[in-house]
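Participant: Here it is: the structure, laid out below.
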Amino acid sequence: MKKLLFTVFCTACMCLSCNRSSNKQEEVDELLIYCGITMVNPIKELAEIFEKENNCSVTITQGGSEDLYQSLKFSHFGELYLPGSESYREKHFEDGLLKDYIYLGYNQASLIVQKGNPKNIPADINVLKNEQYLTVIGNPDSCSIGKQSKKILQKQGIYDTVLDHAVLIASDSRTMNKTLHEKMTDVILNWGATAFFKENKDAMDRLKLDETIAPKKHLLLNLLSFARNKELAKKFMLFAASTRGQEVFQKYGFLDSVSEPGEIQTQ
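Structure, rendered in structure tokens:
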């Protein structure tokens, strides 16, 4: 049974390998992937296929992108890191832990509302400061959507106002969506793809923002410098960026169309 483990700081060493049964005696190669919460669904689906085709075990550790990075930095354990934005590669590149990478798709921030938009909320970033709505945004210190939201709102000159008005500053994208499931809030600023996930699509709708306000953020799968199984990790990178992999990412809203297979960019 595949186990998806929620990660907070320094929990990587406690992960259990997915698809490992108690009576399994044979040794198999293993991969540990640090994956931002928003991208867990496509990575899980690809990991299940990859395990079967390569006789290996894939562990997926999920959490906020910054928390994940701090965990891998502390443990020096694992093979791959997929944050919710390329900005995490830029921010931490000088540490020397993030090596080769490959492009998998993109994230784009959107307003997300209750299913059917019962309050007729417009696709306008300024609704987040409107006192007639209950709002939630992400924490820029723990998750990629929080970091991106801060950039978007600061550019509009409304970050402090939105921050003061929000009923919750959430630690990750899943927590934000949970507030819509539980009808605790009217509108959130989250990664748009999450509104189309199986567990969310019947509870919420996406209000797409103009790309001049909410630009697309690239998703880069990074090879870790201390990876034990580098060749297997690179094989997974190529698989995730292949036509088959792109079809999965497109299904979950991270790509508009399938193109030529991606190539690993070396450092």
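So the mapping is simple: our numbering equals the position in the sequence shown, first residue as 1, plus 4. Even glycine gets a Cβ: it sits at the ideal position worked out from N, Cα and C.
Just list the beta strand (DSSP E) runs in the segment 55-84, keeping only unbroken ones of 3 residues or longer that don't cross its boundaries, in chain order.
Facilitator: Runs of the beta strand (DSSP E) inside the segment 55-84: 60-67.
Participant: Using the Cβ count rule (16 or more neighbours within 10 Å means buried), how would you classify Glu267?
Facilitator: Exposed is the call here.
Participant: Measuring CB atoms only, is the segment 60-76 touching the segment 145-154, in the sense that at least three cross pairs come out at less than 8 Å?
Facilitator: At 8 Å Cβ cutoff, the stretches touch.
Participant: Determine, using beta carbons only, whether Leu86 and Leu225 come nearer to each other than 8 Å.
Facilitator: Against a cut-off of 8 Å, the Cβ pair of Leu225 and Leu86 comes out as a contact.
Participant: Relative to the C-alpha of Ala174, which candidate in Asp190, Gly150, Met188 and Lys155 has its C-alpha closest?
Facilitator: Among Asp190, Gly150, Met188 and Lys155, the Cα nearest to that of Ala174 belongs to Gly150.
Participant: Would you call Arg210 buried or exposed, if buried means 16 or more other Cβ atoms sit within 10 Å of its Cβ?
Facilitator: Answer is buried; the Cβ neighbour count reaches 16.
Participant: Rounded to whole angstroms, what's the CA-CA distance from Val117 to Thr198? Just pull it up for me.
Facilitator: Approximately 12 Å between the Cα atoms of the pair.
Participant: Let me check one thing: in DSSP terms, what residues is Asn226 bridge-paired to?
Facilitator: Asn226 pairs with Tyr85 and Tyr105.
Participant: Should Ser263 and Gln254 be called a contact, given that it needs their Cβ atoms to be closer than 8 Å?
Facilitator: Cβ atoms of Ser263 and Gln254: not closer than 8 Å.
Participant: Using the Cα positions of Gln29 and Thr65, report the straight-line distance between them to the nearest angstrom.
Facilitator: For Gln29, the pLDDT reaches just 48, beneath the cut-off of 50, and the residue's location in the model is therefore unreliable, leaving the point undetermined.
Participant: How long is the line joining the alpha carbons of Leu76 and Tyr256, rounded to whole angstroms?
Facilitator: For Leu76 and Tyr256, the distance between alpha carbons rounds to 26 Å.
Participant: Is it true that the segment 128-145 meets the segment 181-190, where meeting means three or more beta-carbon pairs spaced less than 8 Å apart?
Facilitator: With the cut-off at 8 Å, the segment 128-145 and the segment 181-190 touch.
Participant: Three-state secondary structure (DSSP) at Val191?
Facilitator: Of the three classes helix, strand and coil, the one that applies to Val191 here is strand, per DSSP.
Participant: Is there contact between the segment 32-41 and the segment 97-105, where contact requires at least three CB pairs shorter than 8 Å?
Facilitator: At 8 Å Cβ cutoff, the stretches do not touch.
Participant: Quick one: grab the DSSP three-state call for Lys220.
Facilitator: Residue state, collapsed to three classes: coil.
Participant: With distance defined between alpha-carbon atoms, name the residue in Glu251, Leu228 and Arg232 nearest to Phe270.
Facilitator: Looking at the sequence shown, residue 270 is not Phe but Thr. Among Glu251, Leu228 and Arg232, the Cα nearest to that of Thr270 belongs to Leu228.
Participant: Measure from the alpha carbon of Phe243 to the alpha carbon of each residue in Ser61, Leu157 and Glu57, then state which is nearest.
Facilitator: Nearest option by C-alpha distance: Glu57.
Participant: Could you tell me which residues DSSP puts in a beta bridge with Leu211?
Facilitator: Leu211 pairs with Leu115.
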